[in-house]
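Protein sequences appear in the order of chains A and B.
Residues in the first sequence are numbered from 181 upward in steps of one, following my numbering.
Residues in the second sequence are numbered from 22 upward in steps of one, following my numbering.
For glycine and all other residues, C-beta sits at the position ideal for the given N, C-alpha and C.
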Amino acid sequence: MPLVSIVDVRKSFGANEVLKGVSLPVEKGDVVAIIGRSGSGKSTLLRCVNGLETHDAGSIMVDGLEVGGAKTDMRALRRHVGMVFQQFNLFPHLTALGNVTLAPRVVEKMGEGRARELGLEMLAKVGLAEKRDAYPSQLSGGQQQRVAIARALAMRPKALLCDEITSALDPELVNEVLRVVEKLAGEDMTLILVTHEMRFARDVGTKLVFMHQGRVHEQGAPKALFAAPQTAELQQFIGASFK
Amino acid sequence: MADFSLWVITSNLLLATRWTIALSLVAFVSGGAVGLLLLLARMSASGALRRFVSLYVEFFQGTPLLMQLFMLCFGAALFGVEISPWMAASLALTFWTSAFLTEIWRGCVESVPKGQWEAGSSVALTYVEQMRYVILPQALRIAVPPTVGFSVQVIKGTALASIIGFVELSRAGAMINNATFRPFLVYSITGLIYFALCYPLSLLAKSLERRLNAAG
Ligand SMILES: Nc1ncnc2c1ncn2[C@@H]1O[C@H](COP(=O)(O)OP(=O)(O)OP(=O)(O)O)[C@@H](O)[C@H]1O
Ligand SMILES: [Mg+2]
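Okay, structure coming up:
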């Protein structure tokens, strides 16, 4: 059974059906890159996976837990699924280390010393151990996003969701964040990324998913798909993106 | 009338100022406590609680404080409850203050971006934990300047307690005027004392706000 299995998921906002039956199995260690036009439902799909949005129909299972299921402990589910946001969403009143250790302390009831150790380890992983005492406002966008990744990793998630995590960054800061993601991919972390970084999707992804009008329009191995898109829509999208 | 020197007038007014300060403090502290409870009720999952708080706020913000004082004072008498002017004024100002503070604070909580709640959810914090560790610490910072600013309204609001017979600064001013017939002098001093109480608080609120904006 896949680590994350999304089966025929539907979701509407009012009369606007945003997901029209999306199915997607994600195996452990997969790096799934989701691409597609604005409004095609990429964010909504990602947010359904950790229950930030509730889906209307279909099912989403993460490591045997049904998302939104009547018997599901959503707290347990969210410990398994980390999320990194486009706008970082760091806690501005806490230091970098404070951001990373909050959930381990509160949710995992970890002692001060152990949480600190874990937090420093996670900050080191994203190359920011020396910034432990900086507040988010004192960090660059790229550094903030790396702290946000460390914060998600501190829960030891089984899968990490990333929603356009470099889109709010100045171009020169994009690479430092992508390098961290690439390193995670190399460590066999399961990743589901919504991204506009086509080269990154092609080079690091193990699977490419093209969403179009609320459906998975085309999917497959990234290199093959980029080289020979089967549908006119993907052809057009890739053409526009690599221009 | 020559024996009513400037000093006698001023010292009597200053003595009465104690009661203005006491009433303001009581209204502010107990109003703040009630306001906090209302805030939690307002943000709870219970629809009935939320509706109750919004009615409460509508009532105390939508009617004159003077009328609230009268209702408490004479309403209590109607039920045969003997209520002193001090009690009536404290209670009415507490209700009134709590309604305004809870609205101010709700605005502060709501001004914390939605992404903060979502980030809290994404690391498995419960609603209460998100509130306690993520939202309230940020809302509190935003809330300090308008809260200090509102304390000025409370001080000025206490003047209305004079009408139900509570002797604070305004009432003392009226009484001294009746004895001295020097309204301009008496009310000038009274006004200056109010100003001396309120102005530093206004300044403080402004400087806190400036500091908050600079830090934000
Ligand atoms: N909370 C919401 N309420 C109402 N409509 C929403 C909400 N969130 C998303 N939508 C709508 O759902 C559709 C899909 O949005 P979604 O954010 O999933 O797209 P996306 O593929 O992530 O686009 P983008 O590339 O711009 O981020 C859009 O039409 C959007 O307006
Ligand atoms: Mg999106």
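**Message:** Mapping the DSSP letters down to three states, classify Val133/B as helix, strand or coil.
**Reply:** Val133/B carries a coil assignment under DSSP once its states are collapsed to helix, strand and coil.
**Stretch-stretch touch, CB-based, cutoff 8 Å, three pairs: the region 181-200 of chain A with the region 267-281 of chain A** = Under the 8 Å Cβ criterion, the region 181-200 of chain A does not count as touching the region 267-281 of chain A, having fewer than three qualifying pairs.
**Request:** Mind listing the chain A neighbours of Pro158/B? Cutoff is C-beta to C-beta under 8 Å, in chain order.
**Result:** By Cβ distance, chain A contributes His273.
**Message:** Can you give me the C-alpha to C-alpha distance between Val261/A and Pro337/A, rounded to a whole angstrom?
**Reply:** Going by the C-alpha atoms only, they are around 5 Å apart.
**Message:** Quick check: what's the CA-CA separation for Met108/B versus Met64/B?
**Reply:** Rounded to whole angstroms, the gap between the alpha carbons of Met108/B and Met64/B is 30 Å.
**Request:** Tell me where the alpha helix (DSSP H) around Glu367/A begins and ends.
**Result:** Per DSSP, Glu367/A belongs to no alpha helix (DSSP H) and is neither H nor E.
**Request:** Using alpha carbons as the reference points, say which of Ala213/A, Ala195/A, Val211/A and His235/A lies closest to Val202/A.
**Result:** Of Ala213/A, Ala195/A, Val211/A and His235/A, the smallest CA-CA separation from Val202/A is found for His235/A.
**Message:** DSSP has Arg190/A in a bridge; who is on the other side?
**Reply:** In the DSSP assignment, the residues bridged to Arg190/A are Lys200/A and Ala237/A.
**Prompt:** Looking at the unbroken beta strand (DSSP E) that takes in Met263/A, where does it start and where does it end?
**Reply:** Counting along the chain, the beta strand (DSSP E) containing Met263/A begins and ends at Val261 to Val264.
**Item:** Ala407/A, enclosing alpha helix (DSSP H) - first and last residue
**Value:** Unbroken alpha helix (DSSP H) run through Ala407/A: Pro402 to Ala407.
**Prompt:** Are Leu114/B and Leu222/B close, meaning C-beta to C-beta below 8 Å?
**Reply:** No. Outside cutoff.
**Message:** Strictly below 8 Å CB to CB, what residues from chain B border Ala283/A?
**Reply:** The contacting residues are Val144, Ala145 and Leu146.
**Prompt:** Taking the beta strand (DSSP E) that Met391/A falls in, what are its first and last residues?
**Reply:** Start and end: Lys387 to His392.
**Item:** Given Pro167/B as reference, the closest of Arg203/B, Leu224/B, Trp138/B and Ser105/B once Cα atoms are compared
**Value:** Taking the Cα of Pro167/B as reference, the smallest distance to any Cα among Arg203/B, Leu224/B, Trp138/B and Ser105/B is reached at Leu224/B.
**Message:** Counting only Cβ pairs nearer than 9 Å, list the residues of chain A close to Glu124/B.
**Reply:** Within 9 Å Cβ-Cβ: nothing; Glu124/B doesn't reach chain A, min ~23 Å.
**Asked** Between the region 232-260 of chain A and chain B, which residues of the former have a C-beta closer than 7 Å to a C-beta of the latter?
**Response** Answer in chain order: Leu232, Arg255, Arg258 and Arg259.
**Under the three-state DSSP convention, the category Gly96/B falls into** = Here Gly96/B sits in helix by DSSP.
**Message:** Quick check on DSSP: helix, strand or coil for Pro205/A?
**Reply:** If DSSP states are grouped into helix, strand and coil, Pro205/A belongs with the strands.
**Request:** Say yes only if the C-beta of Thr224/A is nearer than 7 Å to one or more non-hydrogen atoms of ligand 1, and no if none qualify.
**Result:** Under cutoff, so the answer is yes.
**Prompt:** How is Ser347/A classed by DSSP in three states: helix, strand or coil?
**Reply:** In the three-state DSSP reduction, Ser347/A falls in the coil class, being neither helix nor strand.
**Nearest-angstrom Cβ-Cβ length linking Ile163/B and Ser132/B, presumed shorter than 8 Å** = Right, their Cβ atoms sit about 6 Å apart.
**Request:** Tell me, please, which residues DSSP counts as bridged to Gly216/A.
**Result:** Partner(s): Met391/A.
**Request:** Measure the CB-CB distance between Pro134/B and His273/A and report whether it falls below 8 Å.
**Result:** Judged by beta-carbon spacing, His273/A lies beyond the 8 Å limit of Pro134/B, meaning their Cβ atoms are not closer than that value.
**Item:** Residue range of the unbroken alpha helix (DSSP H) whose run includes Ser75/B
**Value:** Bounds of the alpha helix (DSSP H) holding Ser75/B are Gly68 to Gly83.
**Message:** Closest to Ile214/B by C-alpha separation, out of Arg153/B, Lys177/B, Arg127/B and Gly128/B, would be which residue?
**Reply:** Residue nearest to Ile214/B within the set Arg153/B, Lys177/B, Arg127/B and Gly128/B is Lys177/B (criterion: CA-CA distance).
**Message:** To be precise: take each residue of the region 320-333 of chain A, compare its Cβ to all Cβ atoms of chain B, and keep it if any distance is under 9 Å. Which residues remain?
**Reply:** Cβ contacts with chain B: Ala328, Arg331 and Ala332.
**Prompt:** Under the three-state reduction of DSSP, which class applies to Thr411/A: helix, strand or coil?
**Reply:** Coil.
**Item:** Own chain residues within Cβ distance below 7 Å of Leu60/B, not counting five before or after
**Value:** Cβ neighbours of Leu60/B within its own chain (closer than 7 Å, five residues either side excluded): Thr123, Trp126 and Arg127.
**Prompt:** Are the C-beta of Gln267/A and some C-beta of chain B separated by less than 8 Å?
**Reply:** Gln267/A has a beta carbon lying within less than 8 Å of a beta carbon in chain B.
**Request:** Could you tell me whether any Cβ in chain B is nearer than 8 Å to the Cβ of Gly221/A?
**Result:** Not one beta carbon of chain B lies nearer than 8 Å to the beta carbon of Gly221/A.
**Prompt:** Is DSSP giving Leu270/A helix, strand or coil here?
**Reply:** Coil, per DSSP.
**Asked** For Val306/A, which option in Gly209/A, Val361/A, Leu282/A and Gly278/A has the closest C-alpha, if you only look at C-alpha atoms?
**Response** Among Gly209/A, Val361/A, Leu282/A and Gly278/A, the Cα nearest to that of Val306/A belongs to Val361/A.
**Message:** Give me the chain B residues within the contact set of Gly262/A, using Cβ-Cβ distance strictly less than 9 Å, ordered along the chain.
**Reply:** Neighbours of Gly262/A across chain B, judged by C-beta separation under 9 Å: Ser143 and Val144.
**Asked** In the structure shown, what three-state DSSP assignment does Leu229/B receive?
**Response** Three-state result, Leu229/B: helix.
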